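*Asks:* In the UniProt record's numbering, the protein residues as written are 1 to 260. The beta-carbon is built from N, C-alpha and C at its ideal position, and this holds for glycine as well. These numbers come from a predicted model, not from an experiment.
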Amino acid sequence: MNASDDTSMTGPAIADEAGANDVARGTGIALWRQIVERIEAEIAEGKLAPGSRLPTEMELAERFGVNRHTLRRALGMLTEQGLIEATPGRGTFIKEPPLRYPIASRTRFSEIVSGEGRAPGGRLVGSRVETASAEIAAALRLPPGAFVLRIDMLREADGVPLTLGSHWYEAERCRDLDLVVAATGSVTRALETLGLGDYRRLETRVTARLADEEERKQLSLPSGRAVLVVDAINGDAQRRPIQYSRARFAADRVQLVVKN
1 MNASDDTSMT GPAIADEAGA NDVARGTGIA LWRQIVERIE AEIAEGKLAP GSRLPTEMEL
61 AERFGVNRHT LRRALGMLTE QGLIEATPGR GTFIKEPPLR YPIASRTRFS EIVSGEGRAP
121 GGRLVGSRVE TASAEIAAAL RLPPGAFVLR IDMLREADGV PLTLGSHWYE AERCRDLDLV
181 VAATGSVTRA LETLGLGDYR RLETRVTARL ADEEERKQLS LPSGRAVLVV DAINGDAQRR
241 PIQYSRARFA ADRVQLVVKN
């Protein structure tokens, strides 16, 4: 594409608040590239702060005096560069820097997110009692075929989906835990009601892969994005396993930090 590709509007570009034209025709620089450079500059200058929402496509197209096709090419480039991110149903936002997520003997989502100056959130996605797989039974030191309670949760930071987690517990020991999670939105607070709030990390394994369809849907990820898969075993004061979890983090939204 060159500067003449955008033929839907031939008048001058609409001036920004400072009174200067945002894009100019006839310069040899493609209009979409000028839009990219303009938004890049506003991010660098702090005019567009991390976490702030961009105007709608229609508003941006009007501001820059271009058609929607040209604007979308610019937004696509900014997305590829990791500067902006579209969240279905919410809009397009200036990306926050990756959230530092320490993994230590005591790892608590809400405390970590709050400590980074962001607002934690969470909701129950689903729960059910199922037969433990060989992997889960071994992790929880249960006999083959034992029943476990599975709880799936979506956790957010400042309203942005961060991790989709599946957690398994011995069904008899943690009966009705899912009901408390649904009421409180917190696994930690739910475990505290059972006297298990002081759980500690016994083991952590981290792998990476492309997000599957359900993960892309829940985490609002475009096709081709990766997730960090964190498998963990948490235990009580006697180091008896009480929880096996598999958290899938949006890889570009977190920075996992292993604490010694």
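Could you pull the start and end residues of the beta strand (DSSP E) that Ile-233 belongs to?
*Replies:* Looking at the DSSP string, the run of the beta strand (DSSP E) that includes Ile-233 is 226-235.
*Asks:* Using the Cα positions of Arg-200 and Leu-83, report the straight-line distance between them to the nearest angstrom.
*Replies:* 36 angstroms
*Asks:* Helix, strand or coil: how does DSSP classify Ser-186 here?
*Replies:* coil
*Asks:* Going by the beta-carbon positions, is the gap between Ala-171 and Leu-149 smaller than 8 angstroms?
*Replies:* Yes. Within cutoff.
*Asks:* Nearest-angstrom Cα distance between Glu-42 and Glu-213?
*Replies:* 34 angstroms
*Asks:* Might you give, ordered along the chain, the residues of its own chain that have their beta carbon closer than 8 angstroms to the beta carbon of Leu-210, omitting 5 neighbours on each side?
*Replies:* Beyond the five residues adjoining it in sequence on each side, Leu-210 comes within less than 8 angstroms, by CB distance, of Gly-224, Arg-225, Ala-226, Val-227 in the same chain, given in chain order.
*Asks:* Please list, in chain order, all residues of the same chain as Gly-126 whose beta carbon is under 7 angstroms from its beta carbon, the five residues on each side excluded.
*Replies:* Asp-152
*Asks:* Could you pull out every unbroken alpha helix (DSSP H) segment of at least 4 residues lying fully inside the region 75-162, listed in chain order?
*Replies:* 109-115, 134-139
*Asks:* So, helix, strand or coil for Glu-37, using DSSP?
*Replies:* helix
*Asks:* Any idea which residues DSSP pairs Pro-55 with across the strands?
*Replies:* Its beta-bridge partners do not exist; DSSP assigns none.
*Asks:* Using three-state DSSP, classify Leu-177 as helix, strand or coil.
*Replies:* helix
*Asks:* Any idea which residues DSSP pairs residue 266 with across the strands?
*Replies:* The displayed coordinates of the chain run from 1 to 260. Any statement about residue 266 would go beyond what the structure contains.
*Asks:* If I measure Cβ to Cβ from Arg-248 and keep anything under 6 angstroms in the same chain, skipping five residues before and after, which residues do I get?
*Replies:* Leu-164, Glu-215, Val-227, Val-229
*Asks:* Less than 6 angstroms between C-beta atoms, sequence neighbours within five positions excluded: which residues of the same chain meet that for Asp-231?
*Replies:* Arg-205, Arg-246
*Asks:* Secondary structure at Ala-250, three-state DSSP: helix, strand or coil?
*Replies:* strand
*Asks:* Who pairs with Tyr-244 in a beta bridge, going by DSSP?
*Replies:* Paired residues: Trp-168, Ile-233.
*Asks:* When you compare only the Cα positions, how much space is there between Asn-21 and Gly-117?
*Replies:* For Asn-21, the predicted structure reports a pLDDT of 48, less than 50, and the residue's modelled location is therefore unreliable. The matter cannot be settled from this model.
*Asks:* Within the same chain, show all residues whose beta-carbon is closer than 6 angstroms to that of Val-258, passing over the 5 residues directly before and after it, in chain order.
*Replies:* Ile-103
*Asks:* DSSP three-state label for Ala-208, please.
*Replies:* Note: Ala-208 maps to strand in three-state DSSP.
*Asks:* Do you know offhand how far Arg-25's Cα is from Ile-35's?
*Replies:* 12 angstroms
*Asks:* Between which two residues does the alpha helix (DSSP H) holding Lys-217 run?
*Replies:* 213-219
*Asks:* Tell me which residues share the same chain as Arg-155 and place their Cβ nearer than 6 angstroms to its Cβ, disregarding the 5 neighbours each side in the sequence.
*Replies:* Phe-109, Gly-122, Leu-162, Thr-163
*Asks:* Identify, in the order they occur along the chain, each residue of the same chain with its Cβ nearer than 7 angstroms to the Cβ of Ala-139, setting aside the five sequence neighbours on each side.
*Replies:* Ile-233, Pro-241, Tyr-244
*Asks:* DSSP state of Leu-202, grouped into three classes?
*Replies:* strand
*Asks:* Rank Met-77, Trp-168, Ser-186, Leu-196 by C-alpha distance to the C-alpha of Leu-124 and give the top, closest one.
*Replies:* The option with the nearest alpha carbon to Leu-124 is Ser-186.
*Asks:* State the CB to CB distance for the pair Arg-53 and Gly-91, rounded to an integer number of angstroms; the pair is presumed to be in contact (CB under 8 angstroms).
*Replies:* 5 angstroms
*Asks:* Exposed or buried, what is His-69 when buried is set at 16 or more other beta-carbons lying within 10 Å of its beta-carbon?
*Replies:* exposed
*Asks:* On the CB-based measure, 16 or more other CB atoms within 10 Å of its CB, does Lys-95 come out buried or exposed?
*Replies:* buried
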